[in-house]
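To start, the structure under review is shown below, and the notes come after it.
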Amino acid sequence: MHIMEGFLPPAHALGWSAASLPFVIWGLRSVQRSVQAQPEQRMLLGVSAAFAFLLSALKLPSVTGSCSHPTGVGLGAMLFGPAAMVPIALVVLLFQALLLAHGGLTTLGANLFSMGIVGPLVSYAVFRLARGGGLGRSGAVFLAACLGDLATYLCTSVQLAWAFPDPVGGMAASLLKFGGIFALTQIPLAISEGLLTVLVVNAMARFNAAELQGLPLFARRGVQA
Amino acid sequence: MSRRTLMLLAAVLLITALPLCWVAQPTDAAALAEHFGGADAQAQQAIAQLAPHYQPWFSPVLEPASNEIASLLFALQAALGAGVIGFWLGLSVARERAARQAPPSPPKLPSSATPADRADPTH
């Protein structure tokens, strides 16, 4: 999902950066607020950040014969809300843009929008809906992490199709092309991310039951409407 | 580790390893060079096809000196994440063990008198 440095026209690069900026401020405030209100949650917040660090460094092979990586941001979005993952994704993307020439500074806004904003928002919404619809914890966690991962890569495909429409078929043809590269490759990886997220949440339920109870979407009394 | 945990881990391992066996190795040299290449690089090629005149207008501030250095940095990133998760799991297991081995907590002592009171036949 990393759009390479310089590979978005200046107008798009600027637009996506402007679109992401308010989310960064919202995210920083949200993290600050939740750490102040519940200092005991710092450990789980650290684990969520570490999970995103770990998973986004793993480039895994896929059935399309190419490699891509999961994002790991769904976990934290379910635990602490989608805003909390914006600054964490920003740190990951900055690390990769500055040291690895993976992604870039001009495309940071666009990449943050897909990995740090769209993915966590989708994971959070899917988790709420699935729990509200009566799905068990593990099923909901799997579905949310899996679909959030896919949403990130769909977002990247849309961003690229918008910037580079096909000269004949327009944006739709271009979307099909980028979707084939990103979204298709991502399907088995998204399943892996879903399973790994279930593993971590299971461990949290066993070792950090009290902390998990203190999180809005994990309280035993089900999900508030 | 529970059986369920092991099965989940095995499933992830299979999903990751199977594509390596399933996807046939291409015969021509050009395709072989891209075999299991990055999706990001493929997108870059697609851009070159869609907009042949597009010139990247900014280049990375720092480029890893070689592929080895790049894999070093990716390994560092993964190690940082895995280290924190390992610390948390180790701490959690030790905490659980300590709680199990600790003597019964003091608040239990006064409450042990209650059943005797209730069993008092003179009541």
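Chains as they are written, first to last, in our numbering: chain A, 39 to 263; chain B, 222 to 344. All residues carry an ideal CB built from backbone N, CA and C; glycine is no exception. Keep in mind that this is a model prediction, so the values were computed, not measured.
Going by DSSP, Ser94/A is part of no alpha helix (DSSP H) at all; its letter is neither H nor E. If you draw a straight line from the Cα of Pro240/B to the Cα of Gln322/B, it is about 46 Å long. Of all alpha-carbon atoms in Ser100/A, Ser72/A, Gly44/A, Ala90/A, the one lying nearest the alpha-carbon of Gln265/B is that of Gly44/A. Annotation for Ala221/A: Leu188, Tyr191, Leu192, Ser195 place their beta carbon closer than 8 Å to its own, counting only its chain and skipping 5 residues before and after.
Straight across, the Cα-Cα distance linking Gly142/A with Leu214/A is about 24 Å. When Trp54/A, Thr109/A, Gly217/A, Ala183/A are compared, the shortest CA-CA separation from Met116/A is found for Ala183/A. The beta carbon of Leu98/A is closer than 6 Å to those of Leu227 in its chain, skipping five residues each way along the sequence.
Per the coordinates, the alpha-carbon of Val314/B lies some 30 Å from the alpha-carbon of Ala121/A. Our two residues, Phe216/A and Ala75/A, have alpha carbons roughly 43 Å apart in a direct line. Taking a C-beta distance under 9 Å as the contact criterion, Val124/A and Leu66/A qualify as a contact pair. Put simply, the backbone Cα of Val160/A is about 21 Å away from that of Ser72/A.
At a Cβ-Cβ threshold of 9 Å, Val236/A and Val85/A do not count as neighbours. With respect to Leu167/A, Ala232/B sits apart: the two C-beta atoms are not nearer than 9 Å. Looking at the DSSP output, Gly259/B sits in a beta bridge with Cys105/A. Annotation for Asn288/B: the continuous alpha helix (DSSP H) segment containing it runs 288 to 322. Close to chain B, meaning a Cβ-Cβ distance shorter than 8 Å, is no residue of the stretch 151 to 184 of chain A at all. The stretch 208 to 249 of chain A contains, as complete alpha helix (DSSP H) runs of 4+ residues, the segments 208 to 245 (chain order). In this structure, DSSP gives Asp204/A an extended state, which the three-state scheme calls strand. With fewer than three CB-CB distances shorter than 8 Å, the stretch 91 to 109 of chain A does not count as touching the stretch 198 to 213 of chain A. Here DSSP, grouped into helix, strand and coil, assigns Pro273/B to coil.
In the DSSP secondary-structure assignment, Pro99/A is bridged to Cys105/A. The beta carbon of Ala248/A does not come within 9 Å of any beta carbon belonging to chain B, so the residue lies off that interface. Nearest in C-alpha terms to Gly157/A, of all of Leu136/A, Phe61/A, Leu185/A, is Leu185/A. Pairing Ala95/A with Gly302/B gives a Cβ-Cβ distance under 9 Å.
Taking the Cα positions, Asn288/B is about 25 Å away from Leu234/B.
The beta carbon of Asp249/B does not come within 9 Å of any beta carbon belonging to chain A, so the residue lies off that interface. At least one CB of chain B lies nearer than 9 Å to the CB of Gln134/A. Exposure of Gln246/B is indicated by the presence of fewer than 16 other C-beta atoms within 10 angstroms of its C-beta.
Where Trp54/A is concerned, the enclosing alpha helix (DSSP H) starts and stops at 48 to 75. Contacts with chain B (Cβ-Cβ distance below 9 Å) from the stretch 88 to 100 of chain A involve Ala88, Phe89, Ala90, Phe91, Leu92, Leu93, Ser94, Ala95, Leu96, Lys97, Leu98, Pro99, Ser100, listed in chain order.
Chain A has a Cβ within less than 9 Å of the Cβ of His256/B.
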